[in-house]
Amino acid sequence: MRRQALMGLVVVAALVGCAAEQKAGGGASGAAGSDGVTATTIKVGGVLTKTSASGYSTKDAEIGARARFERANAEGGVNGRTIEFVGAEDDNQDAAKGDAAAKKLVQKDQVFAVVPVHAPNFGGAVFLEGAKVPWFGWATGPQWCGTTTGFGYNGCLAPKPGAGSQTWWGNQLADLAGGAQGKTVYVQTTDSSGSKYGGTTISQSFQAAGFKLVGVNSGLPAAAPPPDWLPYVNKIMRSDGGAAPDVVVSIIAGTKFNTGLYSALKKAGYKGILTDATSYDAAILKDPATAQALEGVVAAPMFEPFESTAPEVARLRADVEKVAPGTTLTQHLAIGYWSADIFLKVLEKTGKDLTRESFLRTANSGFTYENPGFGRIEYPKDHTEPNGCGALVKLVGGAFQVAENMKCFDNVPLK
Amino acid sequence: MSELLGYVLSGLVTGAVFAVMASGLTLSYAATGVFNFAHGAVGFLTALVYYELTAAFGWPTWAAAVAAVAVFAPGLGYALHRAMFRGLAQAGETAQIVGTIGLTIALPALGLWVIELSGGLLAAADATALPRGLGPYPPVTVEIGGVGLDSAQIMTFCLAALAAAGLWAFLRHTVYGLRMRASVDRRRLATLRGIDADASSALAWMLGSTLAGLAGVLAVPTLGLDATAFTVMLFVSATAAVFGRLTSIPVTFAAGLGLGVVQNLVAGYADFAENVTGLRTAVPVLLLFAGLVLLNRSRERVAGSASEDAPPPDHLAARPAWRRRAPWVAATVALLAWTFLADGYYAGIAAQGLVLALIFCSFVVVTGIGGMVNLAQASFAAMAALTCGWAFSSGLPLVAAILAGVLAATAAGVLVALPALRLGGRVLTLATLALALLADQVLFQIDAFSNGTIGWPLPALGFGFADTTDPRVRVVLLLALIGVIGLLVRNLERSASGRAILAVRSAPAAATTSGISAPRTKILLFALASMIAGLGGVLFATFKGSITATDLPAFAGFVWLAVVVLQGVRRIGGAVIAGIVAAAVPEILSSLDISAHVGAILFGTGGVILAKHPDGVLAQLADLRHRARAALARRHTPGGERPGGEQPPGERAPRPRPTVVRSPGEAPASVRSPGEAPASVRSPSDAPTSVRSPGKVPASVRSPGDAPAPKATGHVEAPVFALESVVAGYGEVTVLRGVDLVVWPGEVVALLGANGAGKSTACAVAAGDLPVTAGRVRLGGVDVTAWPAHRRARQGVLLAPEGRGVFPGLTVEENLRTWLTDPAPVYDRLPQLAARRTVAAGALSGGEQQLLTIAPALVRPPRVLVADEPSLGLAPLVVEQIFALFAELRDRGVALLLVEEKAAETLRVADRVAFMRLGRITWTGPRAEVDPDRLTAAYLGVS
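In order, the protein sequence lines correspond to chains C and X. Numbering of the first sequence is given in our numbering, commencing with residue 170 and proceeding in unit increments. Numbering of the second sequence is given in our numbering, commencing with residue 3 and proceeding in unit increments.
In C-alpha cells, the structure reads:
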C-alpha cells in the first residue's frame with residue numbers, strides 16, 4: 170500500500186499529463202504581503218518523511234540542509250540576507266499530511282520557499298504551485314514534473330513519455346563492466362504501477378547503453394517483502410535462455426526487499442552484477458548479514474559519493490561536522506544538502522530585489538549551475554526531465570568504494 | 003517437478019508463520035468472541051521488544067526470543083485483557099471492531115514512541131534496523147530433497163510445529179485447556195460449573211498474544227520492523243482463520259500452511275496475471291473474500307438478542323426542540339465566526355475537518371443507524387474522487403463529473419451491500435475489509451482509472467461570486483451540506499424505512515416474519531452511506547486540487563472509523579466533532595511539538611474508552627451530566643427518593659440506582675426524562691458473561707430487619723441455602739418480587755408453578771447467574787449475594803440448568819472432568835456413560851445428557867443442587883432414574899431445590915413444596931399438606 174509510494178523513490182512515474190495542466194485549485198489563498206523575506210532574513214522550512222509506518226525516513230535531509238544554510242550564514246548570507254531555517258515538517262509519508270505541512274509552512278510560518286522537500290508521497294505540490302511558492306528537493310514523484318515552482322535538485326525523475334529519460338545508470342554500469350556488448354540485464358520491480366513504470370525507464374537506460382534486456386518482472390508483492398523468494402529467484406536464474414543474466418537491476422526500495430532478493434540470488438548461485446539505487450547506506454552495513462548479502466552490490470547514488478576525493482564532498486563533510494558532529498553521511502543528508510545548495514545559488518542570482526516572483530523568474534529563464542557534487546542542473550529544462558547525472562559505488566569487503574565518479578550523460582526520449 | 007516441490011516445501015515454511023498467527027487469532031476469537039484486528043500489532047510489538055533486547059541490550063537471540071515471546075507477549079495479552087478486551091467482550095460488535103482497530107494504530111505507535119523518547123538509548127526501529135532471526139547467523143543453507151532450505155527456514159518451521167503441538171496438548175490435556183474449551187463451548191454453563199470464565203478469557207488472550215508474538219519474532223527477519231507489513235500479515239492470517247471458520251484451530255493451522263504454498267505457486271506460475279497490476283499481491287485478499295462468502299454465512303442472531311446494541315438513553319428527550327439544538331447552533335455560529343476572523347490557514351484546517359466530517363456522516367448512516375461496520379468507507383471516497391477526476395479530465399463539466407463520482411460510489415456501495423445481505427456482524431466487516439484492500443491493491447492500480455501515481459487534477463468549485471479556493475467558502479458550503487445530511491438522517495430515522503432498519507437491526511428474524519425486507523433496507527443504507535462518503539471524497543479532492551490513488555488509503559478508513567465511534571456514531575454531531583478532532587489534533591500536537599506517535603496513541607487508546615463506554619464520548623458526557631443533575635435534584639429534596647434511604651447525604655456521589663449497576667454493554671433503561679424517579683430497573687446482565695467482582699453490588703441491597711426467619715419445621719441447624727426477599731428481573735421487567743425460600747441439608751424442596759411464574763429466574767439468582775436488585779442470597783449463613791456464579795459453584799452451589807447442562811462440544815469424559823478430577827467413579831456407577839466416554843456430549847440422547855449433567859454431583863456432592871426442569875423432554879423411564887439419583891443425593895445430605903412445571907414426579911421425592919406465582923412464593927409447606935386444591939391454585943392462579 171504505502172510501499173508502492175516508496176517505489177517512487179527509485180525512478181517513479183506518470184504516464185499522462187504532469188501537473189502543468191492543473192488549474193489553480195489548491196487554494197492559492199496565500200497571505201498576501203509577507204512572503205518570508207525581510208531586509209536581513211529569508212525564512213525557509215522543509216517537508217520530510219521523518220517517520221512512517223514502514224520505517225522509511227528521510228529525516229537526515231534536515232541536517233544536510235541546515236549544514237548548507239549554516240555555511241551560507243557564516244559567510245554573511247546571500248545578498249545581505251541570512252537564511253532563517255525553521256526546520257522540517259514530518260508528513261508521515263501521507264499525502265494529506267504533506268499538503269497540510271506545506272500549507273502550515275506557507276500560511277502560518279510564512280516561509281519564502283519550502284526547502285528541502287524529500288517525501289516520496291508528497292501531497293503539497295498542487296498547493297505550492299498554486300501559491301507560487303518555490304520548493305526544492307528530490308523530485309522522485311510526478312507531482313514535481315512540469316511545475317514552475319518544484320525544483321528537483323537533479324531534475325524531474327518522472328518524465329512523461331516523449332520527454333528525456335536518463336541513460337547514465339546503464340552507461341556508467343557498462344563502463345564499470347568493461348562494455349555492454351553481449352551482456353544481458355534483468356529488471357526486477359514490484360507489483361505496483363509506480364514500480365512498473367520505474368522498470369520501463371531503467372530498462373530503457375540499460376538498453377540505450379547497449380545491454381540486452383532479457384526480462385522485466387513485476388511480480389513481487391508491493392506491500393511487504395515476500396516471505397519466500399524462491400519463485401522470483403528461479404525466474405531470474407533462467408531468464409537468459411536458461412542461464413542467469415549478467416546484471417540484475419532491482420527497482421525496489423527497502424533494505425529488507427533488496428537483502429532478501431540478493432541473499433536468495435546468492436544462495437541460488439548467482440555470480441553476476443547486482444545493482445540498485447537505494448543500497449548506498451552506511452547504516453545498514455552495521456549488520457553483518459546485510460553486509461554479507463549486499464557484498465559486491467553496485468549502488469547508484471545521484472550525487473558524488475562520500476568516498477570521493479572531490480573538494481565539494483570534503484566541504485560537505487566539514488559543513489555537516491559543524492552543525493551535527495559525528496553524523497553518518499547518508500543519501501538523504503546529501504539530498505538535503507544539495508537541494509539547499511541550488512536554492513542558495515538561485516537566491517544569489519536573483520539579487521537584492523527578492524520576491525517570489527523575481528526568484529522564479531530568475532530560476533525559470535535559463536538558469537544553469539554546475540557542481541561536481543550533483544553534476545549539472547538547467548531550469549526550466551530540468552522541470553520535465555532528469556539531469557542525467559549519477560555515480561556508482563561498490564560494496565567491497567564491507568565498505569563502499571567509488572566505482573564511477575559523478576558523470577552526466579545525454580537523455581533519450583522516453584518511450 | 004523439483005521446482006514444484008521446492009515451491010511447496012518453502013511455501014510450507016512461510017505458511018507456518020501464517021498458521022501460528024492465525025491460530026492465535028482463532029483461539030482468542032473462539033474463546034472470547036472478540037476478533038482481534040490488533041493481532042498483527044501485538045506481533046509487531048513483540049518483535050520490536052525482541053529486536054531491542056538483541057540490538058540495544060546485546061542479549062543473545064534465543065534469550066531475547068524467550069523473553070519477548072514467553073514473558074512480554076503474554077504480559078501484553080493480560081494487560082490488554084484487563085484494560086480492554088474484558089470490557090469489549092460485553093460491548094457491541096461495533097465497539098469490539100473499532101476498539102481492536104484502534105489498538106492496531108496505537109500499539110506500534112506506542113513502541114516507536116518509547117524508542118523515540120529513549121533518546122538513542124534504544125536502537126532506532128526505522129528502515130535501517132535489521133533484526134536478525136533465531137539460529138545461526140548468517141543462516142546456513144541445507145539441501146533437503148533437492149531443495150535448498152536455510153537454517154532460519156528450518157528453525158521457523160520447527161518452532162511453528164512445536165507451537166502447534168504445544169497448543170494442541172495444552173488444550174486437550176490440561177485442566178486449563180479444558181476450562182477454556184468449556185468456556186468456549188457454553189460460557190454460561192462453564193461459570194455454573196465453577197469455571198471462572200473471565201480467567202479463561204485472560205488465559206486465551208495471553209496464549210493468543212504469545213502466538214502472535216511468536217509469529218512476529220519468526221517473521222521479523224523477513225518483514226523488517228515495518229508495522230504495515232505486520233498488518234498485511236494479519237490480513238493473510240485472517241484468511242486462514244476464516245477458512246477455519248474462526249472456531250477450529252487445526253483447520254486454521256492447515257489453512258495457514260496452505261496459504262504459504264498457494265502464494266508461492268501463484269508467484270511461480272501465474273504469469274498470466276502479470277498484466278493486471280496488483281492481482282497477484284491480492285491473492286490472499288481474494289481468498290479471504292471467497293472464504294467469507296462461501297464458508298461463513300452468519301448464523302443469524304435470534305430475535306431479541308441484539309439488545310447489546312441498544313442506543314444510550316436520551317436524557318434530553320423531554321427538553322423542547324430549541325433547547326436540544328441550542329448547543330449545536332451556538333457551536334456552528336462560533337465556528338463560522340472563528341473561520342471569518344482567523345487567518346486563512348486556520349480556516350483551511352476547519353474546512354479540512356468539515357470535509358472529514360462530511361465523509362464521517364456516512365458512518366452515522368451505515369454503522370450508527372444500520373448497526374453494520376463498514377471498513378471500506380475510505381475506498382468509497384477514493385472511488386468517487388478518482389471517478390470524478392477521470393470524468394473531468396475526459397472533458398465532462400465539473401458538476402457532471404462530481405455527479406458521476408457520487409454515482410460511482412453509490413453503485414459501489416450497492417455492490418458491497420450484496421454480500422452484506424448474507425453476511426452479518428464481523429463476517430460482514432471482514433468482507434468490507436477485503437473489498438477495501440482489493441480496491442487499493444487492484445482497482446486503484448489501474449492506470450487508466452487512477453492516472454498512475456500522479457492522479458487527476460481538479461479545479462475549484464465556483465459559485466459566480468466566490469469559489470472554493472477560499473477556505474471560508476468551503477466551510478460555509480460544508481456546513482450547509484452537513485446540515486442537509488443531518489435532516490436527511492433525521493427523516494430517515496423517523497420514516498417507515500427508518501423503523502424498518504431499526505427492526506432489521508434489532509431482530510432480523512422477527513423483522514422478516516413481519517414482512518420487512520431486510521435486504522432492501524440494507525441496500526438502502528449502504529447506498530446512502532456510500533453516496534455521502536462519495537460526496538465527501540469528491541469535495542476532499544476538489545478542495546485539495548487533485549486526487550491520487552494514495553490520498554485516501556484503505557487504512558485511513560480504519561482510523562476514521564475509530565475516531566467517529568469514539569465520539570459517538572449514532573448522531574451527526576458525533577461525526578462533526580470527530581471530523582474537527584481528526585483535523586485539529588495533529589495540528590495541535592505539531593504546534594506543541596509533540597511526536598506524531600502520540601496522536602496515533604491517543605486515537606488508538608480510544609478503544610479502551612469504548613470498552614467502558616461503547617456509545618462514545620458524546621453519550622458519555624451526556625450521561626455524566628445527567629447523573630450530576632440527578633444527584634443535585636436529590637440533594638435539593640431531602641428525604642426524597644433516595645434509593646436505600648439510609649446513606650447519609652453528602653456521602654460520595656449518590657447515583658440513581660439504574661446506573662449504579664449498569665455494566666458496560668448492558669442495555670440501558672429506556673428513555674426517561676430527568677427528574678422522573680428512576681424506576682427500580684436493572685438491565686439484563688449479559689448473564690453468562692457478566693462477571694461482577696464482589697463489592698460492586700449495589701449498596702442499596704439491604705435488609706434492615708435482616709433475614710426473615712423461616713418457619714421452623716423441626717430443623718435444628720440453620721438452612722444451608724436461602725433466598726431472602728429477592729427482587730430480580732431483566733431490563734425493565736421485574737420478575738421476582740420478593741422471594742423468600744430456604745433449603746436445609748438433606749432436604750428436597752420442590753418449587754412449583756405455572757409457566758412464567760419466575761422459577762427459572764429464581765434458579766438463575768440462586769446460582770449467581772443473574773444479579774439481584776434487592777434482597778440477599780445466603781449459603782451456609784454467609785452472604786453470597788455479591789459472589790459471581792463461578793465462585794458460588796466452587797463453594798458448592800451446583801445448578802443443572804434448564805435444557806441440558808452439558809458441553810456439547812466436549813466429550814463425556816471431558817464434561818465430567820469440568821467438575822471432577824477423576825471421573826472413574828461415575829463410570830462405575832453409570833456404566834452407560836462409561837461406554838460413551840469418548841463421544842461428544844452433543845451426540846448423546848437427551849436422557850444420557852441429563853444423566854451426564856447430574857452424574858458429577860454423585861461423586862462430588864455439592865452442598866446445594868438446583869435443578870431446573872430436570873425432567874423436561876425425557877422419557878418416563880429416564881425421569882424415574884433421574885429422580886432416583888436425586889433421592890440418593892438427598893440421603894447423602896445435599897440440599898436440593900427442584901424446579902418443575904410438572905408436579906407429579908417431583909412431589910414424590912419432595913420433602914417440602916413451594917408454590918410460585920407472579921414472582922412470589924404463594925405457599926410453602928410440607929408435602930403432606932399439598933392437596934389438589936393447592937395445586938390447582940398454584941397453577942391456575944385461583945386462590
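Glycine included, C-beta positions come from ideal geometry on N, C-alpha and C. Because the structure is a prediction, the values reported are computed rather than measured.
- prompt: CA-CA distance, X:T938 and X:A512?
  reply: C-alpha separation (whole angstroms): 35 Å.
- request: For the beta strand (DSSP E) containing C:H287, list its first residue and its last residue.
  value: For C:H287, the enclosing beta strand (DSSP E) starts and ends at A282 to H287.
- prompt: Buried or exposed: C:G195, going by 16 or more other Cβ atoms within 10 Å of its Cβ?
  reply: No answer about C:G195 holds up, because its pLDDT of 37 lies below 50 and its placement is not dependable.
- request: Consult DSSP for C:P541 and reduce its assignment to one of helix, strand or coil.
  value: Residue state, collapsed to three classes: coil.
query: At a CB-CB cut-off below 7 Å, which residues of chain C make contact with X:V19?
result: Under the 7 Å cutoff, chain C gives P396.
message: Given this structure, state the Cα-to-Cα distance separating X:D708 from X:I590, to the nearest angstrom.
response: Because the pLDDT of X:D708 is 39, which lies under 50, any placement of that residue in the model is unreliable, and the question is left without a value.
- prompt: Taking Cβ-Cβ distances below 7 Å as the criterion, which residues of the stretch 431–464 of chain X are in contact with chain C?
  reply: Across the stretch 431–464 of chain X, CB contacts with chain C closer than 7 Å involve D442, Q447, D449, N453, G454, T455, I456, P459, L460, P461 and A462, in sequence order along the chain.
field: Collapsed DSSP secondary structure at C:Q335 in the structure displayed
entry: Looking at C:Q335 - three-state DSSP - the assignment turns out to be coil, as it is neither helix nor strand.
query: Taking Cβ positions only, does C:P390 come closer than 8 Å to chain X?
result: Chain X, which has a Cβ nearer than 8 Å to the Cβ of C:P390, makes this yes.
message: Please return the same chain residues whose Cβ sits closer than 7 Å to the Cβ of X:A204, not counting the five positions on each side in sequence.
response: Residues of the same chain with a CB within less than 7 Å of the CB of X:A204, apart from the 5 flanking positions on each side, are Y80 and H83 in chain order.
message: If I measure Cβ to Cβ from C:T210 and keep anything under 7 Å in the same chain, skipping five residues before and after, which residues do I get?
response: Within the same chain, C:T210 has close Cβ partners R250, T251 and E253.
field: Per-residue burial, X:T254 [other beta carbons within 10 Å of its own, 16 or more giving buried]
entry: Under this definition X:T254 is a buried residue.
message: If contacts are defined as beta-carbon pairs under 8 Å, then X:T34 and X:A206 qualify, I think. What distance do you get, rounded to the angstrom?
response: Sure, about 6 Å apart at Cβ, within 8 Å.
- request: Closer than 8 Å by beta-carbon distance: list the chain X residues that pair up with C:N290, in chain order.
  value: Simply T552.
- prompt: If we call anything under 8 Å between Cβ atoms a contact, is C:S334 one with C:T358?
  reply: Contact: no.
query: Between X:R839 and X:A720, what straight-line distance do the alpha-carbon atoms span, to the nearest angstrom?
result: Rounded to whole angstroms, X:R839 to X:A720 spans 40 Å at the Cα level.
query: Could one say the Cβ of X:N266 lies closer than 8 Å to chain C's Cβ atoms, at least one of them?
result: Under the Cβ distance rule, X:N266 counts among the residues neighbouring chain C, one pair being separated by less than 8 Å.
query: According to the neighbour-count rule (16 or more other Cβ atoms, all chains shown, within 10 Å of its Cβ), is C:E244 buried or exposed?
result: Label assigned to C:E244: exposed.
query: If you count every other CB in all the chains shown that lies within 10 Å of the CB of X:A621, and 16 or more means buried, which is it?
result: Buried, by the Cβ-count rule.
query: For X:V222, does the three-state DSSP call read helix, strand or coil?
result: Judged by DSSP in its simplified three-state form, X:V222 adopts helix.
query: For the stretch 213–247 of chain C, which residues have a beta carbon sitting closer than 8 Å to at least one beta carbon of chain X?
result: Flagged, chain order: T220, A222, S223, G224, Y225 and S226.
query: Can you give the beta carbon distance from X:P810 to X:A842, rounded, assuming they're within the 8 Å contact cut?
result: About 7 Å; that satisfies the 8 Å criterion.
task: Find the residues of chain X that neighbour C:G299, judging by a C-beta separation of less than 7 Å, and give them in chain order.
output: What C:G299 touches in chain X: G547.
message: Against C:D344, what residues of chain X qualify as contacts under a CB-to-CB distance less than 9 Å, listed in chain order?
response: Chain X residues near C:D344: none, gap ~30 Å exceeds 9 Å.
message: Which residue marks the beginning of the alpha helix (DSSP H) containing X:P571, and which one marks its end?
response: One point to set straight first is that residue 571 of chain X is Val, not Pro, in the sequence displayed. Counting along the chain, X:V571 falls outside any alpha helix (DSSP H), and DSSP gives it neither H nor E.
- prompt: Can you tell me where the alpha helix (DSSP H) with C:R486 in it begins and where it stops?
  reply: Looking at the DSSP string, the run of the alpha helix (DSSP H) that includes C:R486 is P480 to V492.
query: Start and end of the beta strand (DSSP E) containing X:M918?
result: According to the DSSP assignment, X:M918 belongs to the beta strand (DSSP E) that extends over R914 to R919.
query: Going by beta carbon distance, what residues of the same chain come within less than 6 Å of X:D128, once the five residues before and after it are set aside?
result: Hits under 6 Å: none found.
message: Which residue wins for smallest C-alpha separation from X:P538, given the options X:G500, X:L388 and X:P825?
response: Reading off the sequence, residue 538 of chain X comes out as Gly, not Pro. Measuring C-alpha to C-alpha distances from X:G538 to each of X:G500, X:L388 and X:P825 identifies X:L388 as the nearest.
X:M385 to X:F605 span [Cα, whole Å]: Rounded to the nearest whole angstrom, the CA to CA distance from X:M385 to X:F605 is 25 Å.
query: Of all the CB atoms in chain C, is at least one closer than 8 Å to the CB of X:R831?
result: Judged by the 8 Å Cβ criterion, X:R831 is not in contact with chain C.
field: chain C residues whose Cβ lies nearer than 9 Å to that of X:E276
entry: Contact of X:E276 with chain C by beta-carbon distance below 9 Å involves D360, N386, S387 and G388.
query: Mind checking if X:V357 is an interface residue toward chain C, Cβ cutoff 8 Å exclusive?
result: Closer than 8 Å: no.
message: In this structure, how does DSSP classify X:L594 when only helix, strand and coil are distinguished?
response: The answer is coil: DSSP assigns X:L594 none of H, G, I, E or B.
- request: Enumerate in chain order the residues of its own chain whose CB-to-CB distance from X:L527 is below 8 Å, with the five nearest sequence positions on each side excluded.
  value: Answer for X:L527: V367, V368, I371, G372, M374, A419 and I503, listed in chain order.
- request: Flag this pair as touching only if the stretch 366–374 of chain C and the stretch 405–416 of chain C have three or more C-beta atom pairs under 8 Å; answer yes or no.
  value: The stretch 405–416 of chain C and the stretch 366–374 of chain C do not touch, with fewer than three beta-carbon pairs separated by less than 8 Å.
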